[in-house]
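Colleague: Protein chains in written order, with the numbering used here: chain U, 1 to 268; chain D, 1 to 268.
Note that beta-carbon positions come from the ideal geometry of N, C-alpha and C, so glycine has one too.
Please read all numbers here as calculations on a predicted model, not as lab measurements.
1. Is any heavy atom of the ligand SAM found at a distance shorter than 8 Å from the C-beta of residue 260(D)?
2. Do residue 102(D) and residue 136(D) come within 9 Å of each other at the CB atom, strictly closer than that value?
3. Within 10 angstroms of the Cβ of residue 264(U), are there 16 or more other Cβ atoms? Answer buried if so, exposed if not.
4. By Cβ distance below 8 Å, which residues in the same chain neighbour residue 70(U) in space, the five residues on each side in sequence not counted?
5. Which residues in the same chain have their Cβ closer than 7 Å to the Cβ of residue 231(U), if we skip the five residues on either side of it in sequence?
6. Mind checking which residues open and close the beta strand (DSSP E) that includes residue 189(D)?
7. Taking 7 Å as the limit between beta carbons, can you name the residues of its chain near residue 158(D), skipping five residues before and five after?
8. Distance, Cα to Cα, residue 183(U) vs residue 12(U)?
9. Return the first residue and the last residue of the beta strand (DSSP E) that residue 179(U) is part of.
10. What does residue 109(U) reach in chain D if we use C-beta pairs closer than 8 Å?
11. For residue 23(D), which of 36(D), 8(D), 34(D) has the nearest alpha-carbon?
12. Rounded to whole angstroms, what's the CA-CA distance from residue 45(U) to residue 129(U)? Just pull it up for me.
13. Name the residues in the region 223–254 of chain D whose C-beta lies less than 8 Å from a C-beta of chain U; which are they?
14. Decide if residue 256(D) is buried, meaning its Cβ has at least 16 other Cβ atoms within 10 Å, or exposed.
15. Mind checking the region 43–59 of chain U against chain D and listing, in chain order, the residues whose C-beta falls within less than 7 Å of any C-beta there?
16. DSSP state of residue 55(D), grouped into three classes?
17. Please report the Cβ distance between residue 181(U) and residue 240(U), rounded to the nearest whole angstrom; I am assuming they are in contact, meaning their Cβ atoms lie under 8 Å.
18. The alpha helix (DSSP H) with residue 164(D) in it runs from where to where?
19. Where does residue 123(D) sit, in a helix, a strand or coil, going by DSSP?
20. Pairing CB atoms from the region 114–133 of chain D with CB atoms from the region 191–202 of chain D, are three or more of them under 8 Å?
21. Let me check one thing: in DSSP terms, what residues is residue 239(D) bridge-paired to?
So this is what it looks like as structure tokens:
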């Protein structure tokens, strides 16, 4: 059985320059593409994760939630960051229902616990149960409780990467991880897309990307590539693709060379 | 340490006769009461659960979600019932934040799994972690996945009763369970309040209440009394109180004879 994990990037589904502004047309296009895919491939299992884009990063920066909380204001901030992220998740869910996709929003705050920002435990039961009855879990970057610093933020990328590893370890599925964004793929210093990232050019790619993006509280492209590289090293194909080209996500889901970057850590 | 679990009844916080209509003033009154209580008793641990009232029961009946799902329409219905319940939970959270209460919405769908409507497993980690950092978990009656019938509905009462039993078993807390509703308490056939329910009058009470209320998909007063009776048999005081009287919830939380019914299964 095939299980495809799809990240809908925050930059793709929101206007990152305008706080709390979704890109509705983009979401509708993605929903109708996924709906068609599902109708034509009834056996296909999907997990979707949406980035927070301009819904989550403002409040997350304001309260510096990624670094935990001590004061009452920071605690309330933690709750508000969750709400901001949840609001976008709900909006995505509504658009997907209109396309007849039975998505169920499942917030990581209720499933994952960290220890000084490292994942300690994730309860995957609700995700597993969704898949077993052919519902589509819709996760998102969320606040989570942390045993040391009270709370932190777990990005959609990190959560999806953990899901990919978990389901890989079960051995039941052929897995593919796809991140669709408002970009052509992973870019070199001249703005050219790396078509593949393998052992041969991985250090070159890391140099091109530099350190994690400070504007994005959850790390940006450099961290995404690192996390996907780890997933890919298990033998799982990971794609970072252009989500703006109609049909490109479909190609990626079906394994048909989409426009973007393929990460294949097991290849030279 | 004291842990008080508070149910805010659907009839108290919504207008049961008007679909999707919250009782805002009532919610604000409850929020300001709980906020004051918390300021004056900083050691007090709280878990709050809100009923679905006129937000959840319409769609739940339409799709008969309590009995599971088979068709695509029923699956989408399961998702919509969750959304309806979530919408009210979010509204409650917003009003509570305005009263400086750091509540975090935690949906049972991500924590609990049932087997033919019986609870199979609940992951309590996020609730425990909320309490340990002095945040207030705000749960609600929600859809949950079911290993036999796909999905079902877990009422706020049932979920809170399970939480009470779980935290009781840890032996860390003195626990009290309070249900605040739009009623004076548990009524006999003449509309008089049972001030206490003990071993002596339990069968009389059950006769007075009759079978579970068919209008309420999650069972109504008869089921509430049954579930609280089980919790009470552990030695936990359970109250079913009038939530409309200002100050009454405060009395119940502080153990000071509120207007309503005390369930005490260990007493004659």
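Modeller: This is what the structure gives:
1. You won't find the ligand SAM in this model; it holds no ligand whatsoever.
2. Residue numbering aside, residue 136(D) sits at position 136 when the second chain is read from its first letter. Residue numbering aside, residue 102(D) sits at position 102 when the second chain is read from its first letter. In contact: residue 136(D) and residue 102(D) (Cβ atoms closer than 9 Å).
3. Along the first chain, read from residue 1 onward, the residue named residue 264(U) stands at position 264. Classification for residue 264(U): buried.
4. Looking up residue 70(U) in the first chain gives position 70. Around residue 70(U): 150.
5. As a working note, residue 231(U) is residue 231 in the first chain. Only 161, 164, 165, 177, 238 meet the Cβ criterion.
6. Residue mapping note: residue 189(D) aligns to position 189 of the second chain, counting from 1. No beta strand (DSSP E) contains residue 189(D), which DSSP labels as neither H nor E.
7. Sequence index remark: in the second chain, residue 158(D) carries index 158 (1-based). Excluding sequence neighbours, residue 158(D) sits near 227.
8. Here residue 183(U) refers to the residue found at position 183 when the first chain is read from its first residue. Here residue 12(U) refers to the residue found at position 12 when the first chain is read from its first residue. Their Cα atoms are separated by approximately 8 Å.
9. Within the first chain, numbered from 1, the residue matching residue 179(U) stands at position 179. It spans 174–181 - the beta strand (DSSP E) in which residue 179(U) sits, taken as one unbroken run.
10. As a working mapping, residue 109(U) is identified with position 109 in the first chain. By Cβ distance, chain D contributes 104, 106, 126.
11. Position 23 of the second chain, counted from the first residue, corresponds to residue 23(D). Comparing Cα positions, the closest option is 8(D).
12. Taking the first chain and counting its residues from 1, one reaches residue 45(U) at position 45. Taking the first chain and counting its residues from 1, one reaches residue 129(U) at position 129. Taking the straight line joining both Cα atoms gives about 12 Å.
13. none
14. To locate residue 256(D), count along the second chain from 1; it is residue 256. Classification for residue 256(D): exposed.
15. none
16. On the second chain, position 55 is the one that residue 55(D) refers to. Residue state, collapsed to three classes: helix.
17. In the first chain, residue 181(U) corresponds to position 181, counting from 1. In the first chain, residue 240(U) corresponds to position 240, counting from 1. Residue 181(U) to residue 240(U), Cβ: 7 Å. Contact.
18. One-based indexing of the second chain puts residue 164(D) at position 164. Looking at the DSSP string, the run of the alpha helix (DSSP H) that includes residue 164(D) is 156–170.
19. Translated into positions along the second chain, residue 123(D) becomes position 123. Note: residue 123(D) maps to coil in three-state DSSP.
20. no
21. Walking along the second chain from the start, residue 239(D) turns up at place 239. Note: residue 239(D) sits in a beta bridge opposite 178(D), 262(D).
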